[in-house]
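So in the numbering used here, spot 22 of the sequence shown is number 85, and the numbers just go up one at a time.
Working notes for the structure below.
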Amino acid sequence: MRAKPEYRDRERTEVAVLDALVDRTDDGMSVLELRAAVEVEIDDLEDALATLKDDDLIVVETTGSETLIKPDERVVPDEPTTEDDNQSIGDWLRDRFPF
């Protein structure tokens, strides 16, 4: 699933983070899981997370020794969109691999 369209006009890494988090809305993700899902350098990921946190688009929850990051409710689409079904291979590659 992808973040709502109104949150897609951001830096590529920020959009990739939001998309990964939307896929795991209920469970959340650790920084390591996000880094594996987004496949960017840790510095780029930290910058993206800081920006998203400043813009209140992510929620950071700490329980014991575990820190999970979840998307803010307003980023998650209400119902699955068919946009992914209609996405071309070129669009899919562009979304996932920075050129």
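Even for Gly, the Cβ is constructed at its ideal location relative to N, Cα and C.
Counting every other CB atom within 10 Å of its CB across the protein chains shown gives Gly-91 a total of 16 or more, marking it as buried. When DSSP assignments are scanned along the segment 106–141, the uninterrupted stretches of beta strand (DSSP E) that are 3 or more residues long and fall wholly within it turn out to be 121–126, 129–134. The C-beta of Leu-97 has 16 or more other C-beta atoms within 10 Å across all chains shown, which makes the residue buried.
For Gly-153, the uninterrupted alpha helix (DSSP H) segment begins and ends at 152–159.
Cβ atoms of Leu-112 and Ile-121 come within 8 angstroms of each other, at about 7 angstroms.
Straight across, the Cα-Cα distance linking Gly-153 with Val-138 is about 24 angstroms.
In this structure, the alpha-carbon of Val-78 lies about 10 angstroms from that of Arg-159.
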